[in-house]
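Chemist: One structure coming up, written as structure tokens, with questions to follow.
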Amino acid sequence: MRILDSEAHAINPSGIEGCYPMKPQWRYPYIPGPMPALRGVVADSVAKGRFDDLTEQLLARMDRHGVEKTVIMRGAFPARNADMAAIVARHPDRFVAFSGWDLESPLASPPRESPKGLDALERGFTEHGFLGAGEFDLARFIPLPPEQAWQGYVPSMELCRKHKKPIMFHTSYDGGKVPMAYKNPIMLEPLAFEFPDVPIMVCHMGKYDVTFFEYAMMLARKNVNVYLTTSNTRQDFIERAVAEIGAERIIFGSDWSMQHGILGERQGFDIYGRNLDAVRNAHIDEAEKALILGENLAALLGI
17 MRILDSEAHA
27 INPSGIEGCY
37 PMKPQWRYPY
47 IPGPMPALRG
57 VVADSVAKGR
67 FDDLTEQLLA
77 RMDRHGVEKT
87 VIMRGAFPAR
97 NADMAAIVAR
107 HPDRFVAFSG
117 WDLESPLASP
127 PRESPKGLDA
137 LERGFTEHGF
147 LGAGEFDLAR
157 FIPLPPEQAW
167 QGYVPSMELC
177 RKHKKPIMFH
187 TSYDGGKVPM
197 AYKNPIMLEP
207 LAFEFPDVPI
217 MVCHMGKYDV
227 TFFEYAMMLA
237 RKNVNVYLTT
247 SNTRQDFIER
257 AVAEIGAERI
267 IFGSDWSMQH
277 GILGERQGFD
287 IYGRNLDAVR
297 NAHIDEAEKA
307 LILGENLAAL
317 LGI
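Numbering (our numbering), first residue to last: 17 to 319.
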């Protein structure tokens, strides 16, 4: 049975590991404490072009858990497409990548993606051969209200349509000081309506929160271009998603990163083991597990 990971973050701004006061909390995976230094550390590292390459640590975890290939991408923090392309070039049998806007910030008034950012996103497809776009977040376009933030993604979605690429969005609680409405999966509904031919990968399918899970399910029931990923979600959510929308649109992910994959391990959280167990122990049949763990992503990306 192939195991393909739809989400990992092998590039991080340098210095962020000192910003997370990691303490076990009352819910998995954990709720970070206050992170007052994080914004400044990230801004300084990005301005100076200082990033940590976590490829070797990620490969060690993949090998430990039998993961054949992983999609690397930007996540909570920006990453340069060229850095991810270099990782793929070093390990073409182990990694593929999703494109982003390099280190470009959106324009402010009105909030929208910059021409340089959109050019970087497209060059990720055309020059680097990246297989999708992401991981993105509606909060990028604050101060647009949550129900309008999707509008900032229209140009990026148009590029995904042009190049026939999927796009991945972060949803659900993440500890950031951002109104929760920006993390609600249902806020992606206008994009699913406007771009029915662009596969939209919705990360975490609610994580461990019932309310956001129900919204993720509503979105996926109504829109056949919506896929839900299993990263950091609950086993019972996976079981319900398979029963109600079908295993064919559920995709395994780990969300491995400095925060989850390295700092989490120091507190006893094996992010790969936990996410794999949520699928393997689910009360679904073996054919459905095979779809989730690898076959669906292989079909979507052609890998």
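C-beta: ideal position from N, C-alpha, C; glycine also. Just so it is clear, the structure is predicted and the values come from calculations on it, not from any experiment.
(1) Which residues share a DSSP beta bridge with Ile183?
(2) Where does the unbroken beta strand (DSSP E) through Thr245 begin, and where does it stop?
(3) Check Ala263 in the structure and name its three-state DSSP category.
(4) Just to confirm, are Gly148 and Pro182 a CB contact at a threshold of 8 Å?
(5) Can you grab the Cα-Cα spacing for the pair Arg282 / Leu70, in whole Å?
(6) Tell me which same chain residues have a C-beta within less than 6 Å of the C-beta of Ala165, skipping the five on either side of it?
(7) Taking the alpha-carbon positions, what's the Leu207 to Pro171 distance?
(8) Counting only runs of 3+ residues fully inside the stretch 106-142, write out the beta strand (DSSP E) ranges in chain order.
(9) Among the residues of its own chain, which have a CB less than 6 Å from the CB of Arg77, if the five just before and after it don't count?
(10) Taking the alpha carbon of Lys180 as the point to measure from, which residue in Ser30, Gly318, Glu33 has its own alpha carbon closest?
(11) Does DSSP classify Trp42 as helix, strand or coil?
(12) Could you give the residue range of the alpha helix (DSSP H) that holds Ala53?
(13) Consult DSSP for Phe285 and reduce its assignment to one of helix, strand or coil.
(14) Whole angstroms is fine: what's the gap from Ala314's alpha carbon to Ile202's?
(15) For Asp69, which three-state DSSP category applies?
(16) For Thr86, write down the residues that DSSP places opposite it in a beta bridge.
(17) With a 10 Å radius around its C-beta and 16 neighbouring C-beta atoms as the bar for buried, classify Ser273 as buried or exposed.
(18) Counting along the chain, where does the alpha helix (DSSP H) carrying Pro206 start and finish?
(19) Measuring alpha carbon to alpha carbon, tell me which residue in Arg237, Val218, Asp79, Glu84 is nearest Gly150.
(20) If you draw a straight line from the alpha carbon of Met100 to that of Leu316, how long is it in whole angstroms?
(21) For the alpha helix (DSSP H) holding Tyr312, just list the boundary residues, first then last.
Modeler: This is what the structure gives:
(1) Ala149, Ile216
(2) 242-245
(3) helix
(4) yes
(5) 16 Å
(6) Leu154, Phe157
(7) 11 Å
(8) 111-115
(9) Tyr288
(10) Gly318
(11) Interpretation of Trp42 is limited by its pLDDT of 40, a score under 50 that renders its predicted location unreliable; the figure taken from the coordinates is listed afterwards. Looking at Trp42 - three-state DSSP - the assignment turns out to be coil, as it is neither helix nor strand.
(12) Counting along the chain, Ala53 falls outside any alpha helix (DSSP H), and DSSP gives it neither H nor E.
(13) coil
(14) 26 Å
(15) strand
(16) Asp21, Phe111
(17) buried
(18) 205-210
(19) Val218
(20) 20 Å
(21) The amino acid occupying residue 312 in the given sequence is Asn; Tyr does not appear at that position. 312-317 is the span of the alpha helix (DSSP H), which, as asked, contains Asn312.
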